[in-house]
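Asks: The structure under discussion is supplied below as structure tokens; questions concerning it will follow.
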Amino acid sequence: MRQFFKIMFATIIGFFLSLIILFMIGGGIIAGIASSANDQKEPSIKEGSILHLKLNRQIKDRPSDNPFETFNFATLEDESPLSLSKIIENIEKASKDERIDGIYLDIQSLRANMSSTQAIRRALAEFKESGKFIVAYNEDYGQNEYYLCSVADEIYLNPAGGMTFKGLSAQLMFFKDALGRLDIDMQVIRHGKFKSAIEPFVRNDMSPENEAQLRKLIDGIWASQLEEISSARKIEKAELNRIADSLLIRTADDALAFGFVDDLLYEDEVKELLRAKGSLSKSEIGNQKSENSDSDSTDVVKESKGSSKNLNLLTLTELNKLKYAKGEDMELVREIRRSKNKIAVIFAEGEIVSGKSNDGRMGSETIAEAIRKARKDEEVKAIVLRVNSPGGSALASDVIWRETMLAKAEKPLVVSMGDLAASGGYYISCGANKIYAEESTITGSIGVFGVIPNMQGMLNNKLGIYTDEVNTNINSDGLTPFRPLSNTERVAVKTMIEEIYDDFTSKVANGRGMSQANVDSIGQGRVWSGMDAIEIGLVDEIGGLESAIASAAELAEVEKYKLKELPEKEDPMMKLMQQLANQSYLKIFNFPMATKAEKYYRTLEQAFESEGIYTRLPVDIIFN
1 MRQFFKIMFA
11 TIIGFFLSLI
21 ILFMIGGGII
31 AGIASSANDQ
41 KEPSIKEGSI
51 LHLKLNRQIK
61 DRPSDNPFET
71 FNFATLEDES
81 PLSLSKIIEN
91 IEKASKDERI
101 DGIYLDIQSL
111 RANMSSTQAI
121 RRALAEFKES
131 GKFIVAYNED
141 YGQNEYYLCS
151 VADEIYLNPA
161 GGMTFKGLSA
171 QLMFFKDALG
181 RLDIDMQVIR
191 HGKFKSAIEP
201 FVRNDMSPEN
211 EAQLRKLIDG
221 IWASQLEEIS
231 SARKIEKAEL
241 NRIADSLLIR
251 TADDALAFGF
261 VDDLLYEDEV
271 KELLRAKGSL
281 SKSEIGNQKS
291 ENSDSDSTDV
301 VKESKGSSKN
311 LNLLTLTELN
321 KLKYAKGEDM
331 ELVREIRRSK
341 NKIAVIFAEG
351 EIVSGKSNDG
361 RMGSETIAEA
371 IRKARKDEEV
381 KAIVLRVNSP
391 GGSALASDVI
401 WRETMLAKAE
411 KPLVVSMGDL
421 AASGGYYISC
431 GANKIYAEES
441 TITGSIGVFG
451 VIPNMQGMLN
461 NKLGIYTDEV
471 NTNINSDGLT
481 PFRPLSNTER
491 VAVKTMIEEI
501 YDDFTSKVAN
511 GRGMSQANVD
521 SIGQGRVWSG
531 MDAIEIGLVD
541 EIGGLESAIA
551 SAAELAEVEK
561 YKLKELPEKE
571 DPMMKLMQQL
581 ANQSYLKIFN
591 FPMATKAEKY
601 YRTLEQAFES
611 EGIYTRLPVD
621 IIFN
């Protein structure tokens, strides 16, 4: 009877979920048609417009087009991530368009990793070279938000707001005792004293080697940030460190007193200031000044009716629809559009696994096919591989590496590293003609490990479950999670790991023009920042995706070209149908979870799901 009610209840839920989904599909089709129609119409940009750069969503290299992955059904809001390349492209577009006077940098909660933040900041610095202004405002500046906004000409803070300026911290979570209490023994075999991806399963703290590499990593990134903040705000680096060490900035008044912001203003006052900066008529500016003088005598400033009617704020979405910037060389634009030359940009993002890409993971089959397609396309003159990965399966990494070598033999191949290009992520990058990285990119981690969980204790002692078997040979049941490794098995796995490490370092040596002994000395699983990676020869230049594309075009000797993004994105409706077929309701509706807890859960899940030998970054580092 219990089973009957269970099935009936599940059927009712499934029925109503299906109705909701069908309703959403219908609404989505209508919205899609309307959106498509709107997309065809360019925005009407007025003289004196200001780009409102509001970075209030997660920033990714290449966000999914599937609306069901990004719609939050708890808040009924679309949480589609922002595209890093589109942000940078639109900042450049705004610098060229003579109707756009400046940028209003409005960042309440920046959801971007350090290298992405660095790439956006560099684009903003280049924007300033056009002679246009950048004004930043926030209600509360966190560490990353302030680093980005420090590039602005003027920085404003809400009078009741605050600021965090305390330096950087790298944190790891360790599971050894928790696994011990469950009677789970994580059997680890590795090559590389710095290969700390397995430490959370066998220790309760960092090893001295891991602590040393992380300290060098964050010290280097912090030094780079201090240099840029010091230069922008004219505050000595020693003073910035003193302020951070003593937590001297807590309130808005502290931020103003130490010169971190230019004034304490409310949002309506910032908009009035922006309105005065726009290309307005003299009479309008005169009216503005009289309005401001009337309000100076009051403590509480209220935004007067219509005060922002001439403040022409342009959103990223609107600017993205702009086909060309007013003031551009239109003949050059036409030549580019007519050109058959293409640069293929292949996005290789996520943990590396065998098979097809799925659920944020990089499938070797998908990426290899994309590289092969670009190689065989005669219109594609060069390939840029955009890598943002902590690594993963050694076998899957090798499959991708092989395709990069076949492509390199026929046309230039340039790698652009994002936030991460470590271990397997470096494996697939090492053979390129040229490698670009951000200063804060985490790369290297040239090492190999294997993890085989032994759950016999948990099954026997905690659950009362036992296994038995009949074998034809001594090791027929080898590498099973239901008993400890035998000495023969351990030796066999160790031999495989050593062979893969030797192959890995050999490929890096050949790709980078180094000796294998040199690669081994900087390998051993050690992670490096992008700027340190240049000094040791793992990276060629500091720069973002746009620099890598320009380099690829130069190597291919093409001046006018279009970009071709690969792999081709999966149709959102087809993906929805697949999820419906699998009854993956949680994936369809993206019910909210505690994101930090989910990250730690994924770490454990990956350890238990891992098959074969892995080349992966030290387990997810959280920077604060």
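Quick note: the sequence shown, position 51, residue 51 per the working numbering, numbers continuous. Built from N, CA and C at the ideal position, the CB exists for glycine as well. None of these values were measured; they are calculated from a predicted model.
Taking the beta carbon of T317 as the centre, do at least 16 other beta carbons fall within 10 Å, making it buried, or is it exposed?
Replies: Indexing the sequence shown from 1 puts residue 317 at position 317. Looking at its Cβ environment, which holds fewer than 16 other Cβ atoms inside 10 Å, T317 is exposed.
Asks: Below 8 Å between beta carbons: does that hold for K356 and E365?
Replies: Translated into positions along the sequence shown, residue 356 becomes position 356. Translated into positions along the sequence shown, residue 365 becomes position 365. For K356 and E365, yes; Cβs fall inside 8 Å.
Asks: Output the residue ranges of the beta strand (DSSP E) runs that lie fully inside the stretch 338–422 and measure 3 residues or longer, sorted by chain position.
Replies: Taking only runs of at least 3 residues, the beta strand (DSSP E) segments lying wholly in the stretch 338–422 are 342–349, 380–389, 391–393, 413–422.
Asks: Specify, as a first and last residue, the run of the beta strand (DSSP E) that H102 falls within.
Replies: Here residue 102 refers to the residue found at position 102 of the sequence shown. Contrary to the premise, residue 102 reads as Gly rather than His in this sequence. Counting along the chain, the beta strand (DSSP E) containing G102 begins and ends at 100–106.
Asks: For A517, is the classification buried or exposed, using 16 other Cβ atoms within 10 angstroms of its Cβ as the cut-off for buried?
Replies: Counting from one through the sequence shown, the residue named residue 517 turns up at place 517. By the 10 Å Cβ count, A517 comes out exposed.
Asks: Is the stretch 150–162 close to the stretch 455–469, with three or more CB pairs under 8 Å?
Replies: Because the criterion of three Cβ pairs below 8 Å is not met, the stretch 150–162 and the stretch 455–469 do not touch.
Asks: For E145, I'd like the list of residues in its chain whose CB is within less than 7 Å of its CB, leaving aside the five on either flank, ordered along the chain.
Replies: The count along the sequence shown starts at 1 and reaches residue 145 at position 145. Contacts found: I107, L110, N138.
Asks: How would you write the range of the alpha helix (DSSP H) that K494 sits in, first residue to last?
Replies: Taking the first residue of the sequence shown as 1, we reach residue 494 at position 494. Here the alpha helix (DSSP H) through K494 covers 487–512.
Asks: Give me whichever residues DSSP pairs with R190 in a beta bridge.
Replies: Reading the sequence shown from its first residue, position 190 is the one you call residue 190. Paired residues: F449.
Asks: Threshold first: 4 residues or longer. Then list the alpha helix (DSSP H) segments lying entirely within the stretch 141–187, N to C.
Replies: If we require 4 residues or more, the alpha helix (DSSP H) runs fully inside the stretch 141–187 come out as 143–149, 176–181.
Asks: Grouping DSSP H, G and I as helix and E and B as strand, with all else coil, what is Q516?
Replies: Residue mapping note: residue 516 aligns to position 516 of the sequence shown, counting from 1. Helix at Q516.
Asks: I'd like the list of long-range same chain contacts for K596, defined as Cβ closer than 7 Å, with 5 residues on each side in sequence excluded.
Replies: The sequence position of residue 596 within the sequence shown is 596, counting from 1. Its pLDDT being 47, under 50, K596 is placed unreliably by the model, and nothing is read from it.
Asks: Rounded to the nearest angstrom, what separates G537 and R402 at their Cα positions?
Replies: Sequence index remark: in the sequence shown, residue 537 carries index 537 (1-based). Sequence index remark: in the sequence shown, residue 402 carries index 402 (1-based). Each residue's alpha carbon lies about 22 Å from the other.
Asks: Are the CB atoms of A94 and L319 within a distance shorter than 8 Å?
Replies: Stepping through the sequence shown from its first residue, residue 319 is reached at position 319. Stepping through the sequence shown from its first residue, residue 94 is reached at position 94. Yes, the pair counts as a contact, with Cβ atoms nearer than the cut-off.
Asks: Determine, using beta-carbon pairs with one atom in the stretch 169–186 and one in the stretch 257–271, whether at least three such pairs fall under 8 Å.
Replies: With the cut-off at 8 Å, the stretch 169–186 and the stretch 257–271 do not touch.
Asks: Would the stretch 418–436 count as touching the stretch 390–398 if we require 3 or more Cβ pairs under 8 Å?
Replies: The stretch 418–436, when compared against the stretch 390–398, does touch it at the 8 Å Cβ threshold.
Asks: Please say whether A344 and V387 have beta carbons closer to each other than 8 Å?
Replies: Counted from its first residue, the sequence shown places residue 387 at position 387. Counted from its first residue, the sequence shown places residue 344 at position 344. Not closer than 8 Å, so no.
Asks: Per DSSP, what kind of secondary structure is N433 in: helix, strand or coil?
Replies: In the sequence shown, the residue the question calls residue 433 occupies position 433. Reduced to three states, the DSSP call for N433 is coil.
Asks: Between the C-alpha atoms of N38 and P567, what's the straight-line distance to the nearest angstrom?
Replies: Counting from 1 along the sequence shown, the entry for residue 38 is found at position 38. Counting from 1 along the sequence shown, the entry for residue 567 is found at position 567. For N38, the pLDDT reaches just 48, beneath the cut-off of 50, and the residue's location in the model is therefore unreliable, although a value from the coordinates is still provided. Cα to Cα, N38 sits roughly 26 Å from P567.
Asks: Between which two residues does the beta strand (DSSP E) containing S529 stretch?
Replies: Along the sequence shown, read from residue 1 onward, the residue named residue 529 stands at position 529. Per DSSP, S529 belongs to the beta strand (DSSP E) from 527–529.
Asks: Does the stretch 234–250 come within contact of the stretch 123–140, defined as at least 3 CB pairs closer than 8 Å?
Replies: With the cut-off at 8 Å, the stretch 234–250 and the stretch 123–140 do not touch.
Asks: In angstroms with no decimal places, state the Cα-to-Cα distance between T615 and A550.
Replies: As a working mapping, residue 615 is identified with position 615 in the sequence shown. As a working mapping, residue 550 is identified with position 550 in the sequence shown. If you take the alpha carbons of T615 and A550, they lie about 30 Å apart.
Asks: Beta-carbon separation of V101 and I50 under 8 Å?
Replies: As a working note, residue 101 is residue 101 in the sequence shown. As a working note, residue 50 is residue 50 in the sequence shown. As written in the sequence, residue 101 is Asp, which differs from the Val given in the question. Going by C-beta atoms, D101 is nearer than 8 Å to I50.
Asks: Per DSSP, what are the beta-bridge partners of T467 in this structure?
Replies: Position 467 of the sequence shown, counted from the first residue, corresponds to residue 467. In the DSSP output, where bridge partners are listed per residue, T467 has none listed.
Asks: D61 to N471, Cα distance in whole Å?
Replies: As a position in the sequence shown, residue 61 is number 61, starting the count at 1. As a position in the sequence shown, residue 471 is number 471, starting the count at 1. Cα to Cα, the separation comes out at about 49 Å.
Asks: Is I446 closer than 8 Å to G523 when the C-beta atoms are compared?
Replies: The residue you call residue 523 lines up with position 523 of the sequence shown. The residue you call residue 446 lines up with position 446 of the sequence shown. For G523 and I446, yes; Cβs fall inside 8 Å.
Asks: Using C-beta distances below 8 Å, list every residue in its chain close to A119, excluding the 5 sequence neighbours before and after it, in chain order.
Replies: Here residue 119 is taken as the residue at index 119 of the sequence shown, counted from 1. Hits under 8 Å: L84, I88, E438, G544, L545.
Asks: Give the secondary structure of R250 by DSSP, where H, G and I count as helix, E and B as strand, and everything else as coil.
Replies: Translated into the one-based positions of the sequence shown, residue 250 becomes position 250. Note: R250 maps to coil in three-state DSSP.
Asks: Using the beta-carbon count (16 or more within 10 Å), is M330 buried or exposed?
Replies: Working through the sequence shown from its first residue, we reach residue 330 at position 330. Exposed, by the Cβ-count rule.
Asks: Buried or exposed, going by whether 16 or more other CB atoms sit within 10 Å of the CB of S44?
Replies: In the sequence shown, residue 44 corresponds to position 44, counting from 1. Answer is exposed; the Cβ neighbour count stays below 16.
Asks: What's the gap between the Cα of N310 and the Cα of K237?
Replies: Sequence index remark: in the sequence shown, residue 310 carries index 310 (1-based). Sequence index remark: in the sequence shown, residue 237 carries index 237 (1-based). The straight-line gap from Cα to Cα measures roughly 41 Å.
Asks: Please confirm whether L501 and H191 have their CB atoms less than 8 Å apart.
Replies: Along the sequence shown, read from residue 1 onward, the residue named residue 501 stands at position 501. Along the sequence shown, read from residue 1 onward, the residue named residue 191 stands at position 191. In the sequence as presented, Leu is not what sits at residue 501; that position holds Tyr. Cβ atoms of Y501 and H191: closer than 8 Å.
Asks: Quick check: what's the CA-CA separation for D468 versus V448?
Replies: Here the question's residue 468 lines up with position 468 in the sequence shown. Here the question's residue 448 lines up with position 448 in the sequence shown. Whole-angstrom Cα-Cα distance: 32 Å.
Asks: Would you list the one or two residues that DSSP bridges to Y137?
Replies: The count along the sequence shown starts at 1 and reaches residue 137 at position 137. According to DSSP, which records beta bridges pairwise, Y137 is partnered with D106, Y156.
Asks: Nearest-angstrom Cα distance between D254 and L248?
Replies: Translated into positions along the sequence shown, residue 254 becomes position 254. Translated into positions along the sequence shown, residue 248 becomes position 248. One C-alpha to the other measures close to 7 Å.
Asks: Quick one: Cα of A492 to Cα of L148, how far?
Replies: Counted from its first residue, the sequence shown places residue 492 at position 492. Counted from its first residue, the sequence shown places residue 148 at position 148. Straight-line Cα distance between these residues: approximately 50 Å.
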